[in-house]
Amino acid sequence: MYLKQSLRRKLIAAGLALIALPFSAMAAQNDGSAAKPLRVILVPADGGTEDGTKKDFQPIFSAIEESTGLKFDIKVGQSYGSVVEAMCNGAADIAWYGPVTYLQAKERGCSELLALAVSKGQSVYYSGVFARTDAGIDGVADLKGKKVALGDVNSTSSFAVPVAMMMAGGVEPARDLASINMAGSHANVLKALAEGLVDAGGASFDSFEKAVNGNAIDPSKVKVIAKSAPIPYPPLAIHPKVEGDVKARLRDAFNNIDKLPGITKEQIRGYGGGKVDGYTANVSEDDMAAAGKMFELVTDQVKQDIMKKASAR
């Protein structure tokens, strides 16, 4: 009797231990079959709708599906952080996010580079700090005492890089700014700027151009006071546990996306829905890691201080 009870206790304990394991440690990644389509999750960049964000990428994945036979299930995350968690708990196989969130996932061992968009022979974009022309701001130092809007705390070009540029220019956001509006997205930062709710804001140049083209902001009323060094385009990444053959087929497809049937050049889109020339899978982890040095000043403590100030407004 004792042996049976002891064995039963051990089996129960083993079962509980399995339940306690992280989901990613137990679950295999999907293989792109009809029964197990590759689960793609996209960050909600630019504050676009879920349908709008999916629309930017659907033609690309549809063309790859037609060319390779791989199946995809595309969704948009609720936040940058939720996309990282989806990859790291095994609930997604492919993700699209900014360099900051990619590096967060890479550090946790749940992402490797898959492809980057290419435009005019390059795979880079730029972040900036933009100011209203009537706000008396000519440079970063003039931001002291001003109202500033920033995007998602995990965004590369609407938070990390603008904050890093401020700090490099002698401005400590939590201490020196009059107020901080955590607007949540590039589009919301530029909207706050256009409506005069803030004096300046951080966003990508792609988002600024999109806002200008969409008549959401008057370029005559806004000027650039800081422009970043080149930043690698927000990458498409893949979970390391996806099968090697699937990875190879995907990389080949991305390298030839502009030649695949079922897609036009007009439909090849990238960050913010902007038209790009194509994609490349010849990407460097070293280059992405080097980009991280652009925002090393933006520590967790800096983020906490900024969030605290933003909540106090």
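Reminder that position 225 of the sequence shown reads as 227 in the numbering used here, one-by-one numbering, no gaps. We put the beta carbon where it would ideally sit given N, CA and C, even for glycine.
Just curious, the alpha helix (DSSP H) that residue i is in, first and last residue?
i	result
Leu195	His188 to Ala196
Arg177	Pro175 to Asp178
Ala88	Tyr82 to Cys90
Leu299	Here Leu299 belongs to no alpha helix (DSSP H), and DSSP marks it neither H nor E.
Glu268	Run containing Glu268: none; DSSP gives neither H nor E here.
Gly246	Gly246 to Asn257
Pro164	Val163 to Ala170
Lys212	Phe207 to Asn215
Alpha carbons only, please: which of the options is nearest the one belonging to residue i?
i	options	result
Ile233	Ile182, Val214, Ala133 and Met296	Met296
Val304	Gln124, Arg177, Lys77 and Gln60	Arg177
Asp144	Arg41, Pro175, Lys122 and Glu268	Pro175
Ala30	Glu245, Gly54, Gln124 and Lys277	Glu245
Leu238	Ala137, Glu298, Gly280 and Lys223	Gly280
Ser125	Ala137, Pro236 and Gly147	Pro236
Ala137	Gly198, Ala119, Ala117 and Gly276	Gly198
Gly216	Gly276, Gln269 and Arg253	Gly276
Gly272	Phe256, Pro221, Glu287 and Ala250	Phe256
Ala122	Ala291, Glu287 and Val278	This sequence places Lys at residue 122; Ala is not what is there. The shortest C-alpha separation from Lys122 is found at Val278.
Ser206	Lys243, Val173, Val131 and Thr282	Val131
Asp254	Met167, Leu118 and Ile139	Leu118
Val285	Asp302, Lys267, Lys243 and Val120	Val120
Ile308	Ile240, Phe59, Thr282 and Phe161	Phe161
Asp302	His241, Asp260, Ala166 and Pro242	Ala166
Ala283	Lys267, His241 and Asn258	Asn258
Phe59	Lys267, Pro242 and Gln306	Lys267
Closer than 7 Å by C-beta to residue i: which residues in its own chain qualify, once you throw out the five before and the five after it? Chain order, please.
i	result
Ser26	Because Ser26 sits at a pLDDT of 38, beneath the cut-off of 50, its placement in the model cannot be relied upon, and the following sentence gives the value as read from the coordinates. Closer than 7 Å at Cβ, skipping near neighbours: Cys90, Asn91, Gly92 and Cys112.
Gln7	Bear in mind that the predicted position of Gln7 carries a pLDDT of just 42, short of 50, making it unreliable; the figure below should be weighed with that in mind. Once the five neighbours on either side are set aside, Gln7 has no close Cβ partner at all.
Phe74	Pro39, Leu40, Val42, Phe63 and Glu67
Lys223	Arg134 and Thr135
Gly264	Ser64, Ala65 and Glu68
Ala293	Pro101, Ile233 and Pro234
Ala36	Lys73
Arg251	Thr70 and Leu72
In chain order, what residues of the same chain have a beta carbon less than 6 Å from the beta carbon of residue i, not counting five sequence neighbours either side?
i	result
Leu23	Note that Leu23 scores a pLDDT of 36, beneath 50, so its modelled location is shaky; the value from the coordinates is reported in the next line. So no residue of the chain qualifies.
Ile219	Leu192, Ala196 and Ala213
Val86	Thr103, Gln106 and Ala107
Ile43	Lys77, Gly79, Val85, Ala88, Ala94 and Ala97
Ser230	Tyr128, Ser129 and Val163
Leu262	Ala65 and Ser69
Gly83	Asn156
Met28	Because the pLDDT at Met28 is just 43, under 50, the model does not fix this residue reliably, and the value given afterwards should be weighed accordingly. If we look at Met28 and ignore the five residues flanking it on each side, it has no Cβ neighbours.
Gln269	Pro61
Lys149	Ala180, Ser181, Val200 and Asp201
Ser313	none
How far does the beta strand (DSSP E) with residue i in it reach, from first residue to last?
i	result
Ser129	Ser129 to Arg134
Tyr281	Gly280 to Thr282
Ala117	Glu114 to Val120
Based on the DSSP secondary-structure assignment, which residues constitute the bridge partners of residue i?
i	result
Lys229	Gly130
Asp75	Arg41
Ala97	Ile43 and Ala239
Ile182	Val150
Ala202	Ala133 and Val150
Lys277	Arg271
Gln124	Ser121
Val304	DSSP lists no partner for Val304.
Pro234	Val126
Val224	Arg134
Below 8 Å CB to CB, which residues in the same chain sit around residue i once its five sequence neighbours on both sides are set aside?
i	result
Val248	Asp33, Gly34, Leu40 and Leu72
Ala194	Ala151, Asn183, Ala185, Val200 and Gly203
Gly141	Gly171, Ile227 and Ala228
Lys311	Pro175, Ala176, Leu179, Ser181 and Ile182
Met169	Pro175, Leu299, Val300 and Val304
Glu287	Lys108, Glu114 and Leu115
Met290	Pro101, Tyr104, Leu105, Lys108, Leu115, Pro234 and Pro237
Arg110	Val86 and Cys90
Gln306	none
Let me check you understand the geometry: is the CB of residue i closer than 7 Å to at least one non-hydrogen atom of the ligand NAD?
i	result
Gly138	Within the structure as shown, the ligand NAD is missing, as the structure has no ligands at all.
Between residue i and chain B, is any beta-carbon pair separated by less than 8 Å?
i	result
Ala291	Looking for chain B here will not work: only one protein chain is present.
Three or more C-beta pairs closer than 8 Å, one from the stretch 97-111 and one from the stretch 153-172: is that the case here? Yes, the stretch 97-111 touches the stretch 153-172.
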